[in-house]
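According to the working numbering, the residues represented by the sequence shown are 1353 to 1488, in order. Let me begin by presenting the structure, written as structure tokens, before commenting on it.
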Amino acid sequence: MAKQRFAVAACAVVLGAVSLTGCSSNDGSPVKADGSASTTSTTTSSSTSSSTTVPDPTFTPIPPPANAPANALTMTCAEFMTLDEATQTAVGGAIIAGGKTKIHPNNQGIAGTLAKLMCSTDPNQTVSQALGATPK
């Protein structure tokens, strides 16, 4: 009984392989059921598409880094508040670069923002004082 099952399974595999080999010619092109070559042709078309980049309306470009003015360490908050954002960040960076504040020197952006906030409360103090710099 086991030999019969094996023989049936082997015949099924052989018949399956034979029937699959008749589906294409040697060059891989399809063959009709009567054995003649198929006349179906395949064409490939290509098209080029151009994409247009739409700007993100919520994107705000980062301003280029500015140089801190010469009086950055002694500048009053009143002067500081008249500066553009990039220069305010540079002033904050110059103050924290000396390590006289508790703000890490890599956090120039935070220093500029914090200075703007603290200077809005008392425009008569220096930016260094607003950032908590220890006096020399």
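From the three backbone atoms N, C-alpha and C, an ideal C-beta is built for every residue, glycine too. Since this is a predicted model, take the numbers as computed values, not measurements.
Residue nearest to residue i in terms of C-alpha spacing, selected from the options
i: A1442; options: T1473, D1408, T1434, Q1460; result: Q1460
i: A1467; options: P1421, N1476, P1457, C1429; result: C1429
i: T1493; options: K1454, Q1481, P1457, Q1440; result: As displayed, the chain neither begins before 1353 nor continues past 1488, which places residue 1493 out of reach and without an answer.
i: A1418; options: D1436, I1455, H1456; result: D1436
Burial state of residue i, where buried means 16 or more other Cβ atoms lie within 10 Å
i: F1432; result: buried
i: L1469; result: exposed
i: G1450; result: exposed
i: S1472; result: exposed
i: T1478; result: buried
Opposing strand residues paired with residue i [DSSP bridges]
i: T1405; result: For T1405, which the question treats as bridged, DSSP gives no partner whatsoever.
i: T1428; result: T1478
Sub-8 Å separation of residue i and residue j beta-carbons
i: A1422; j: K1452; result: no
i: I1448; j: A1438; result: no
i: G1445; j: A1482; result: no
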